[in-house]
Amino acid sequence: MNCAEPTDVTFSFTGFAARGGLTDHHKDGWGIAFFEDKACRLFLDHQSSATSPLAEMVKRYPIKSKNTIAHIRKATQGAILLENSHPFMRELWGRHWIFAHNGDLPGYAPTLEDGVYQPVGTTDSERAFCVLMQGLRDTFPGAQPPLPELFERLAELTEDITSHGVFNFLLSNGQALFAHCSTRLHYLVRRWPFSTAHLIDEDLSIDFAKYTTPEDRVAVIATQPLTDDEVWTAFEPGQLVMFQCGDVAASTRVKVPEIVLEKLRNPSLDPSASQNCQRAAAVAASTALGDVTLAAAAAEVAAGDDPTDF
Numbered sequence: 072m073n074c075a076e077p078t079d080v081t082f083s084f085t086g087f088a089a090r091g092g093l094t095d096h097h098k099d100g101w102g103i104a105f106f107e108d109k110a111c112r113l114f115l116d117h118q119s120s121a122t123s124p125l126a127e128m129v130k131r132y133p134i135k136s137k138n139t140i141a142h143i144r145k146a147t148q149g150a151i152l153l154e155n156s157h158p159f160m161r162e163l164w165g166r167h168w169i170f171a172h173n174g175d176l177p178g179y180a181p182t183l184e185d186g187v188y189q190p191v192g193t194t195d196s197e198r199a200f201c202v203l204m205q206g207l208r209d210t211f212p213g214a215q216p217p218l219p220e221l222f223e224r225l226a227e228l229t230e231d232i233t234s235h236g237v238f239n240f241l242l243s244n245g246q247a248l249f250a251h252c253s254t255r256l257h258y259l260v261r262r263w264p265f266s267t268a269h270l271i272d273e274d275l276s277i278d279f280a281k282y283t284t285p286e287d288r289v290a291v292i293a294t295q296p297l298t299d300d301e302v303w304t305a306f307e308p309g310q311l312v313m314f315q316c317g318d319v320a321a322s323t324r325v326k327v328p329e330i331v332l333e334k335l336r337n338p339s340l341d342p343s344a345s346q347n348c349q350r351a352a353a354v355a356a357s358t359a360l361g362d363v364t365l366a367a368a369a370a371e372v373a374a375g376d377d378p379t380d381f
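Here it is in structure tokens:
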């Protein structure tokens, strides 16, 4: 999520955590990151989020943030270890950066030996994150450039990694949230005047108008729409979007491999699609101000290393 005013996500995380082994089978670790200016609170656990004592603590800890990224893992590559749990965190230009990946980069083995950023775990996701961070650092070694310049370079780095497979990701430094779609991704922007929203996969509705002000605005990003009474916008394959203050600030397109596009058009061409197409948990925020954030579960994604959602 990315929003104009800090948002308490304890309500949404309660439903999100249940998907990690209770109401769904994504039980191979979880994580959630809350930005507070340039620093980040990161909670990770290799246990199921449905049974994790740490997850219970997060449910009761009303942390407010303008940028939050959460992830529940269903492992298909990489052992079920803490170091393989998303989101991943690194420092660049005196800020924390947070990254979560949804997809598969088969055979991706970039040269990282001489770089500042090294993977701790064994996932292709973390390797890709290190490549992004190293690429940005090498291009802008002194200090962070203006966000439009950063966004342009990020698009170039994203296109290179995308050539290796499916690379849906969320990335944030606390100033903006970047979302890239290789296959499936949707977003909506909730703004004043707010109305009631109803979840697709649970009989739960919330009237946001009771809790919001004209200053509130929130961008929600998920693999598939989470609600059935709001207008969601589908990302185009290859689309990279920068969100700021709860709205779209910039958008561009990068090239997606034809084999990925063909399997997206015709899933029957992918023999693993029926096995890898799984329900995923997706955290998103929908309103700022006190424990009324609507979010939950609901995505289908054919993926590799971490067939989960953000």
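Its first residue numbered 72, the sequence shown is counted upward by one per residue in this note's numbering. For each residue, glycine too, the CB sits at the ideal point set by N, CA and C. Nothing here was measured: the structure is a model prediction, and the numbers come from that model.
task = Would you check if the region 194-202 and the region 297-312 touch, i.e. whether three or more CB-CB distances between them fall below 8 Å?
result = no
query = Counting Cβ pairs, one atom from each stretch, are 3 or more of them under 8 Å apart for the region 275-285 and the region 173-187?
reply = With fewer than three CB-CB distances shorter than 8 Å, the region 275-285 does not count as touching the region 173-187.
query = According to DSSP, which residues form a beta bridge with residue 280?
reply = According to DSSP, residue 280 bridges with nothing at all.
inquiry  = So, does the region 222-238 touch the region 314-326, judging by three or more C-beta pairs under 8 Å?
reply    = yes
query = Does the distance from the CB of residue 26 to the CB of residue 153 come in under 7 Å?
reply = Given a span of 72 to 381 for the chain in the structure shown, any question on residue 26 remains unanswerable.
ask   = What span of residues does the beta strand (DSSP E) with residue 131 cover, start to end?
value = Counted as a single uninterrupted DSSP element, the stretch harbouring residue 131 is not any beta strand (DSSP E), since DSSP gives it neither H nor E.
query = Which same chain residues, not among the five before or five after residue 201, have their C-beta less than 6 Å away from its C-beta?
reply = 183, 188, 190
key: Which residues DSSP lists as bridging residue 157, in chain order   = According to DSSP, which records beta bridges pairwise, residue 157 is partnered with nothing at all.
key: Simplified DSSP assignment, three categories, for residue 313   = strand
Among 315, 293, 313, 224, nearest to residue 305 - alpha-carbon criterion = 293
request  = Could you name the residues of the same chain whose beta carbon sits closer than 7 Å to that of residue 320, not counting the 5 residues immediately before and after it, in chain order?
outcome  = 247, 313, 314
request  = Taking only beta-carbon positions, decide if residue 225 is within less than 7 Å of chain B.
outcome  = Among the protein chains of the structure shown there is no chain B, as only one such chain exists.
request  = Look at residue 302 and residue 261 and say whether their C-beta atoms are less than 7 Å apart.
outcome  = With contacts defined by Cβ atoms closer than 7 Å, residue 302 and residue 261 do not form a contacting pair.
request  = Please determine, among 284, 311, 263, 229, the residue with the shortest C-alpha to C-alpha distance to residue 250.
outcome  = 311
task = Closer than 6 Å by C-beta to residue 157: which residues in its own chain qualify, once you throw out the five before and the five after it? Chain order, please.
result = 102, 142, 171
message = For residue 79 and residue 331, what's the separation of their Cα atoms in angstroms?
response = The C-alpha of residue 79 lies about 37 Å from the C-alpha of residue 331.
key: CA-to-CA distance, residue 307 to residue 204, given in whole angstroms   = Near 25 Å, if we compare the C-alpha coordinates of residue 307 and residue 204.
message = Using 8 Å for Cβ pairs, my map puts residue 139 next to residue 104. What's the rounded Cβ distance?
response = 7 Å
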